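What follows is a single structure, written as structure tokens, with notes after it.
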Amino acid sequence: MSAEKFTSIRKGLLEYLVLKIIATDKVYVADMLGKLNDTEFVTQEGTLYPLLSKLRRENLVDYEWRESEAGPPRKYYELTKKGAAMLAELNAYWKRINNTINQLGK
116 MSAEKFTSIR
126 KGLLEYLVLK
136 IIATDKVYVA
146 DMLGKLNDTE
156 FVTQEGTLYP
166 LLSKLRRENL
176 VDYEWRESEA
186 GPPRKYYELT
196 KKGAAMLAEL
206 NAYWKRINNT
216 INQLGK
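Be aware that the sequence shown starts at 116, since it is given in this note's numbering, and climbs by one per residue.
Structure below.
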């Protein structure tokens, strides 16, 4: 099957996965990309930056600048309280979806 058929599913899942990654610690974009690219969910910077901007506008994530030994300062992203609440909702929703898929697959 062509990957294009799953574009809308991937878009929705990417937001969820980014929130999950950021929930663990303050994270730099290159580290997010590395974690995603170690999976079947290969992603580009050009996809991630607009999503992070959207999440920030929605007050789900925030960032802080940190000095870098290897160049200019870097943005490190973290979840806000609202973002943590959204992630909890998404985790519960994902569990329900997974249960539904398992029930229908029997």
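No residue lacks a Cβ here, since even glycine has one placed at the ideal position from N, Cα and C.
Since the structure is predicted, the reported quantities are computational estimates derived from the model, not experimental observations.
- The shortest C-alpha to C-alpha distance from L166 to any of A185, L134, V157, K197 is the one to L134.
- DSSP places G220 in the coil class of the three-state scheme, outside both helix and strand.
- Among the bridge pairs identified by DSSP, D177 is matched with E193.
- Rounded to the nearest whole angstrom, the CA to CA distance from S168 to Y143 is 14 Å.
- Less than 8 Å separates the beta-carbon of L148 from that of E160.
- Per DSSP, the beta-bridge partners of V142 are Y192.
- In chain order, R125, L128, L129, L132 place their CB closer than 8 Å to the CB of F156, counting only its own chain and leaving out the 5 sequence neighbours on each side.
- Of the residues assessed, I137 falls on the buried side of the cut-off, its CB having 16 or more other CB atoms within 10 angstroms.
- Taking a 10 Å sphere around the C-beta of G220, we find fewer than 16 other C-beta atoms and assign the residue as exposed.
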